[in-house]
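Residue numbers (our numbering): 2 to 450. Positions of the beta carbon are idealized from the N, C-alpha and C atoms, including for glycine. Model, not experiment: these values are computed from the prediction.
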Ligand code: HEM
């Protein structure tokens with residue numbers, strides 16, 4: 002792969018990882034504050050939680066995913082994405098970052114700047130959505146002529162889900178503007194955004210990325226698994242809402258949608274698990290978390306299980322199994338194989354750190370007997386939350402060294418190099434996946450359907 006292309010896109014991933022560290026520090030501050038009873042500078046817990054989740058969404062997972070998608074697509078394109086896409090990735094990062102402080106200080110309320118009160122958090126997060134639209138436009142423009150293999154089909158769905166999810170955010174703003182206080186509508190708009198963004202954009206784009214790396218095609222008979230996710234996606238968000246405010250019939254429809262999405266994710270996971278290339282690196286760990294997410298989604302459609310999960314406080318755990326366990330680990334492994342900017346030992350430490358964080362989160366849920374470890378359990382969760390931060394800082398610290406060891410004659414490499422296989426992408430064929438997958442995967446369990 003042309004090192005110029007490598008650096009062009011990997012730098013956005015590296016900057017996004019910097020935002021991960023900042024957002025995770027806010028998460029740690031939340032955990033420590035929870036233990037001591039107060040946050041520094043009299044910050045409100047709700048605001049810090051919002052600052053954390055927005056920065057993770059807008060400036061870590063979204064630009065990192067986009068950079069990886071673009072970099073892998075570049076290999077298939079005669080004319081790559083180029084500078085306009087760089088602007089889009091930069092805008093995603095900067096706008097998300099700009100909303101961090103206003104969210105931490107004032108949440109959705111106005112922030113005073115030089116004596117003027119402005120809804121800065123809303124302004125910056127709304128502007129982020131325009132950066133998503135720009136990404137969707139460039140993605141469509143550049144890839145529309147390409148043949149749709151499983152990866153591209155999944156990315157098409159993911160990009161549509163990203164754009165459609167923003168309707169929830171617009172609707173929430175419009176309802177606020179019109180003074181509508183109906184909880185079903187206002188909560189519904191928020192959950193519509195969250196559901197489509199997390200399962201639709203993050204979950205499906207990650208599936209596409211893993212398919213691309215493992216070279217697994219799922220056309221024909223197995224294609225229905227993707228259709229199940231697509232069909233169930235628009236209504237599952239209702240399951241995230243408090244059951245008391247969702248009419249019974251709608252909840253039943255949502256349960257059916259949840260079942261479809263859950264089966265789709267678990268089905269994809271099983272197919273990917275059996276691929277020969279899944280045996281190396283972190284892929285199997287990523288698939289364990291994706292599978293767990295799908296299974297939980299299927300179980301949560303049972304009202305008794307959903308009620309138990311609510312009282313046991315499993316929501317945050319469930320979210321982090323998807324966002325940290327599956328998506329963030331997947332982004333690290335994909336970067337390692339696409340650009341080589343993460344060393345194998347770094348990714349193994351990141352895996353251990355993520356597992357460590359999730360295990361130390363257990364004592365904060367109802368799954369842990371409260372008498373066990375007493376007050377220490379909150380401190381354990383606080384310390385555990387530092388583990389992925391340490392692993393990410395280690396990856397960042399290694400970047401100058403990795404960049405300086407790139408071949409000096411990098412600039413002289415021919416541009417058609419980017420259409421060849423990357424040696425970093427061990428046995429992954431990136432561009433040629435749709436052409437060559439059959440021969441290399443046929444010895445594995447998952448050939449083309
Ligand atoms: C080191 C990594 C992370 C740490 C230490 C961390 C910590 C936390 C904490 C302490 C909370 C609040 C828990 C509560 O309300 O009891 C939280 C909530 C949340 N986190 Fe994370 N988190 C991490 C990674 C991530 C990632 C990678 C994402 C998404 C990409 C994410 C998205 C969220 C969301 C959406 C919420 C819930 C927000 C809400 O309910 O308003 N987190 N996290």
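Helix, strand or coil at residue i according to DSSP, with G and I counted as helix
{"i": "residue 250", "result": "helix"}
{"i": "residue 326", "result": "helix"}
{"i": "residue 351", "result": "helix"}
{"i": "residue 48", "result": "helix"}
{"i": "residue 20", "result": "helix"}
{"i": "residue 130", "result": "helix"}
{"i": "residue 271", "result": "helix"}
{"i": "residue 334", "result": "helix"}
{"i": "residue 298", "result": "helix"}
{"i": "residue 39", "result": "coil"}
{"i": "residue 373", "result": "coil"}
{"i": "residue 148", "result": "coil"}
{"i": "residue 143", "result": "helix"}
{"i": "residue 57", "result": "helix"}
{"i": "residue 181", "result": "coil"}
{"i": "residue 242", "result": "coil"}
{"i": "residue 9", "result": "helix"}
{"i": "residue 276", "result": "coil"}
{"i": "residue 32", "result": "helix"}
{"i": "residue 78", "result": "coil"}
Continuous alpha helix (DSSP H) stretch holding residue i: start and end
{"i": "residue 312", "result": "304-312"}
{"i": "residue 112", "result": "Counting along the chain, residue 112 falls outside any alpha helix (DSSP H), though it belongs to the beta strand (DSSP E) covering 112-114."}
{"i": "residue 363", "result": "Element bounds for residue 363: n/a, residue is neither H nor E."}
{"i": "residue 177", "result": "151-178"}
{"i": "residue 185", "result": "184-196"}
{"i": "residue 87", "result": "83-107"}
{"i": "residue 235", "result": "224-237"}
{"i": "residue 341", "result": "It is not in any alpha helix (DSSP H) - residue 341 carries neither H nor E in the DSSP assignment."}
{"i": "residue 216", "result": "Where residue 216 is concerned, there is no enclosing alpha helix (DSSP H), given that its DSSP letter is neither H nor E."}
{"i": "residue 380", "result": "377-385"}
{"i": "residue 73", "result": "63-75"}
{"i": "residue 318", "result": "316-321"}
Contacts around residue i, its chain only, beta-carbon distance under 8 angstroms, and the 5 residues preceding and following it disregarded
{"i": "residue 192", "result": "169, 238, 239, 241 and 242"}
{"i": "residue 440", "result": "Confidence at residue 440 is low in this model, with a pLDDT of 29, below 50, so its placement is unreliable and no value can be given for it."}
{"i": "residue 272", "result": "217, 219, 223, 226 and 447"}
{"i": "residue 381", "result": "361, 364 and 374"}
{"i": "residue 106", "result": "44, 48 and 112"}
Element boundaries [beta strand (DSSP E), containing residue i]
{"i": "residue 282", "result": "That residue, residue 282, is in no beta strand (DSSP E); it is neither H nor E in DSSP."}
{"i": "residue 119", "result": "117-119"}
Own chain residues within Cβ distance below 6 angstroms of residue i, not counting five before or after
{"i": "residue 188", "result": "242"}
{"i": "residue 263", "result": "295, 298 and 299"}
{"i": "residue 274", "result": "288"}
{"i": "residue 162", "result": "197, 201 and 202"}
{"i": "residue 184", "result": "246"}
{"i": "residue 27", "result": "49, 52 and 53"}
Closest by C-alpha distance to residue i, when choosing among the options
{"i": "residue 211", "options": "286, 59 and 23", "result": "286"}
{"i": "residue 48", "options": "140, 109, 23 and 93", "result": "109"}
{"i": "residue 102", "options": "93, 94 and 112", "result": "112"}
{"i": "residue 86", "options": "186, 10 and 305", "result": "10"}
{"i": "residue 93", "options": "116, 62 and 311", "result": "62"}
{"i": "residue 190", "options": "199, 213 and 166", "result": "166"}
{"i": "residue 69", "options": "368, 349 and 333", "result": "333"}
{"i": "residue 387", "options": "402, 351 and 81", "result": "351"}
{"i": "residue 235", "options": "260, 33, 123 and 313", "result": "260"}
{"i": "residue 215", "options": "199, 175, 132 and 152", "result": "152"}
{"i": "residue 392", "options": "401, 371, 356 and 372", "result": "356"}
{"i": "residue 254", "options": "395, 303 and 213", "result": "303"}
{"i": "residue 358", "options": "342, 384 and 97", "result": "384"}
{"i": "residue 221", "options": "257, 156 and 150", "result": "150"}
{"i": "residue 230", "options": "265, 346 and 144", "result": "265"}
{"i": "residue 57", "options": "21, 401, 282 and 123", "result": "21"}
{"i": "residue 279", "options": "341, 319, 213 and 312", "result": "213"}
{"i": "residue 100", "options": "83, 127 and 118", "result": "127"}
{"i": "residue 90", "options": "268, 36, 131 and 232", "result": "131"}
{"i": "residue 76", "options": "144, 354, 172 and 349", "result": "144"}
Own chain partners of residue i with C-beta closer than 7 angstroms, once the 5 adjacent residues on each side are dropped
{"i": "residue 328", "result": "62, 203 and 207"}
{"i": "residue 344", "result": "399"}
8 angstroms Cβ cutoff, residue i in contact with chain D
{"i": "residue 339", "result": "The structure shown contains no chain D, having only a single protein chain."}
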